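Colleague: Every number in this note's numbering is 1378 more than the matching position in the sequence shown, counting from 1. Ideal Cβ placement from N, Cα and C applies to all residues, glycine included. All values derive from a computational prediction rather than experimental measurement. The structure is given below, and queries will be raised subsequently.
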Amino acid sequence: MLTSYLTGLLVCGGIIIAIGAQNAYILGQAIRREHHWKCAGICMSADILLFTAGMFGVNAALMALPEALEILRWLGVVFLGWLAVLAFSRVARGRDALDANTKAVSSARAVILTTLAVTLLNPQVYLDTLLLIPAIGAQQSSALGFVAGASSASVIWFGLLAFSGAALSPWLAKPSAWRVIDGTIGGMMAAIAIHLASNGL
């Protein structure tokens, strides 16, 4: 069970930290200290629910149709490869830093609705939680341990975003910092894609 837990923690952690609309929004709220813990809690809860539903649903499907495993494997390779390409393209062109000096204060209702939108209206969330992560988890000895690891990765990551956003604001004021972040993300996604292509799920 410990191996499954650690696999879920590391694999899901590598995917979750890919800076996208959801993470960038939460980080911006944390930097401005506007309901950032509410944002983090929503994202944690959504991930845990989707991990659980996807994990046990895909497990049952793979037991009934084992040949689907190869399809899931190569879909995962393509998807992770695409994430790596996007990250490296952001490194090449750069992107704006978050504005830590914004003074406007958003209402809790507006922040919650926006967090739900960037979480549930993003197709990448469903590809991650209902396809890629459960496909890897289906090969683990303990499905429950893998889900616990995946859920822990979500709690740790979003908790860190909410807690450290304000402290990191001077660093994130530099666009060059985003190049380092995106480069790291691209490298991680490419490494996981190569591993899946070479060794399977």
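Do Val1525 and Met1433 have their beta-carbon atoms positioned less than 8 angstroms apart in this structure?
Modeller: Result yes, Cβ atoms of Met1433 and Val1525 sit closer than 8 angstroms.
Colleague: Quick one, which of Arg1557, Ala1531 and Gly1561 has its alpha-carbon nearest Leu1388's?
Modeller: Selected option, being the one with the closest Cα: Ala1531.
Colleague: Between which residues of its own chain and Thr1385 is the CB-CB distance below 7 angstroms, once the five residues before and five after are set aside?
Modeller: Contacts found: Gln1518, Phe1524 and Gly1527.
Colleague: Indicate the three-state DSSP secondary structure (helix, strand or coil) for Leu1388 in the structure shown.
Modeller: In the structure shown, Leu1388 sits in a helix (DSSP, three-state: H, G or I).
Colleague: For Ile1572, collect the residues of the same chain with a Cβ closer than 6 angstroms to its Cβ; drop the 5 residues on either side in sequence, then sort them by chain order.
Modeller: Cβ within range, chain order: n/a, list empty.
Colleague: Could you tell me if Gly1435 is buried or exposed, where buried requires 16 or more neighbouring beta carbons within 10 angstroms of its beta carbon?
Modeller: Exposed, by the Cβ-count rule.
Colleague: Which two residues bound the contiguous alpha helix (DSSP H) that contains Met1566?
Modeller: Pro1553 to Asn1577 is the span of the alpha helix (DSSP H), which, as asked, contains Met1566.
Colleague: How about Ile1404 and His1414: are their beta carbons less than 8 angstroms apart?
Modeller: Yes, the Cβ-Cβ distance between Ile1404 and His1414 is below 8 angstroms.
Colleague: Kindly indicate which three-state DSSP category Asn1401 falls into: helix, strand or coil?
Modeller: Three-state DSSP puts Asn1401 in a helix.
Colleague: With a threshold of 8 angstroms, are at least 3 pairs of Cβ atoms found where one atom belongs to the segment 1559-1566 and the other to the segment 1458-1466?
Modeller: Taking 8 angstroms as the limit for Cβ pairs, the verdict is that the segment 1458-1466 does touch the segment 1559-1566.
Colleague: Report the rounded CA-to-CA distance for Ile1449 versus Arg1410, giving the unit in angstroms.
Modeller: Distance between the alpha carbons of Ile1449 and Arg1410 is about 43 angstroms.
Colleague: Output yes or no for whether 8 angstroms exceeds the beta carbon distance between Ile1420 and Leu1494.
Modeller: Result yes, Cβ atoms of Ile1420 and Leu1494 sit closer than 8 angstroms.
Colleague: Pull up the distance between the alpha-carbon of Ile1395 and that of Ala1521, whole angstroms please.
Modeller: Their backbone Cα atoms lie some 22 angstroms apart in a straight line.
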